[in-house]
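The numbering used here puts the first residue of the sequence shown at 15, with every later residue one more than the last.
Here is the structure we will look at, set down as structure tokens.
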Amino acid sequence: FESLEYDVTQHLSNLTSLLAYWAYMIIGLDYDSYGYLGGGPFFQQAENIVQNAQNAREGGWKPFESLDHKNRYWLVTDILNDGYRPLREFNYSYHRMGLDIMDSKVNEGRAVIAESLDKLQMVYREKPDPFVYWLQLILDAKSDEMINIFSESFTEEKNRAVNILQEIDPANKTKYDKIQASN
Numbered sequence: 015f016e017s018l019e020y021d022v023t024q025h026l027s028n029l030t031s032l033l034a035y036w037a038y039m040i041i042g043l044d045y046d047s048y049g050y051l052g053g054g055p056f057f058q059q060a061e062n063i064v065q066n067a068q069n070a071r072e073g074g075w076k077p078f079e080s081l082d083h084k085n086r087y088w089l090v091t092d093i094l095n096d097g098y099r100p101l102r103e104f105n106y107s108y109h110r111m112g113l114d115i116m117d118s119k120v121n122e123g124r125a126v127i128a129e130s131l132d133k134l135q136m137v138y139r140e141k142p143d144p145f146v147y148w149l150q151l152i153l154d155a156k157s158d159e160m161i162n163i164f165s166e167s168f169t170e171e172k173n174r175a176v177n178i179l180q181e182i183d184p185a186n187k188t189k190y191d192k193i194q195a196s197n
């Protein structure tokens, strides 16, 4: 066995850089869900790992390696980009102000989540292309949960949620129809 060594100032091996990158990304997303933009320092550490790996022979670290912007470089770059800040704000609103509140006040929490969909829509309308990889990851992770949340909603809120979700995630249009089909 070979020992795993990690150095914050340089890329020593792809394995340790991958592990550190994803650890910082996961912790950053978690901190963003508990505190408004709380994951910033962790995303900056992940960005440092990406910068240190620019001369690595392994893929996924460089901007030009992914024409559709779906790699580690673009994910952390987009997360730290102020133009995509609404996605981080969504993460906080959805989890802390929405799901956490739903435990005791279902309608109020769901209303916050419905409002937070506007943040996703805003980013989508500014960049309605496959380059917003992070938006697609959010939708992939949360679509089933949102269907469950809004299936119990009143008609106006259901319609609003479905319209936004179908606009920003057209590949799953029929999936979101389940919201309106529920009683």
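No residue lacks a Cβ here, since even glycine has one placed at the ideal position from N, Cα and C.
These numbers come from a predicted model, not from an experiment.
Candidates the options, of which the one nearest residue i by Cα
i, options, result
"Asp82", "Glu170, Thr169, Asn28 and Lys141", "Lys141"
"Glu36", "Tyr50, Gly49, Tyr48 and Gln58", "First, the residue type needs correcting, since residue 36 is Trp and not Glu in the sequence shown. Answer by Cα proximity: Gln58."
"Asn105", "Gly52, Arg86, Glu122 and Thr169", "Gly52"
"Asp183", "Tyr147, Asn85, Pro55 and Asp21", "Tyr147"
"Thr30", "Ile163, Leu18 and Ala67", "Leu18"
"Leu149", "Gln135, Glu159 and Asn162", "Gln135"
"Ile161", "Ala128, Arg139 and Pro55", "Ala128"
"Asn205", "Tyr48, Lys189, Leu32 and Glu171", "As shown, the chain starts at 15 and ends at 197. That puts residue 205 outside it, with no answer to give."
"Ala155", "Asn186, Val22 and Asp132", "Asn186"
"Leu94", "Ser80, Asp191, Tyr48 and Met39", "Met39"
"Ala70", "Ser27, Ser130, Tyr138 and Glu16", "Ser27"
"Asn177", "Phe168, Leu131, Ile163 and Glu159", "Leu131"
"Leu153", "Arg110, Ala125, Lys172 and Lys189", "Lys189"
"Arg102", "Gly49, Glu16 and Thr169", "Gly49"
"Leu192", "Phe164, Glu181, Glu171 and Glu170", "As written in the sequence, residue 192 is Lys, which differs from the Leu given in the question. The shortest C-alpha separation from Lys192 is found at Phe164."
"Glu159", "Tyr108, Ser80 and Gln68", "Tyr108"
The alpha helix (DSSP H) enclosing residue i, as first and last residue numbers
i, result
"Asp92", "Arg86 to Leu94"
"Ser165", "Tyr147 to Ser165"
"Phe104", "Arg99 to Tyr106"
"Arg124", "Val120 to Glu140"
Collapsed DSSP secondary structure at residue i in the structure displayed
i, result
"Gln24", "strand"
"Arg174", "helix"
"Tyr50", "coil"
"His83", "coil"
"Asn69", "coil"
"Lys76", "coil"
"Leu18", "coil"
"Phe168", "coil"
"Ser196", "coil"
"Asp117", "coil"
"Asp44", "helix"
"Asp191", "helix"
Heavy atom of the ligand HEM within 7 Å of residue i beta-carbon
i, result
"Pro77", "This structure lacks the ligand HEM, and indeed carries no ligand of any kind."
Query - Three or more C-beta pairs below 8 Å linking the stretch 39 to 48 and the stretch 69 to 76 - result: Pairwise C-beta distances place the stretch 39 to 48 out of contact with the stretch 69 to 76, as fewer than three of them are shorter than 8 Å.
For the stretch 56 to 75 and the stretch 90 to 107, state whether three or more C-beta atom pairs, one from each stretch, are separated by less than 8 Å.
yes
Checklist entry - Hey, is the stretch 112 to 119 in contact with the stretch 96 to 104, meaning 3+ C-beta pairs nearer than 8 Å? => result Output reads no: the stretch 96 to 104 does not touch the stretch 112 to 119.
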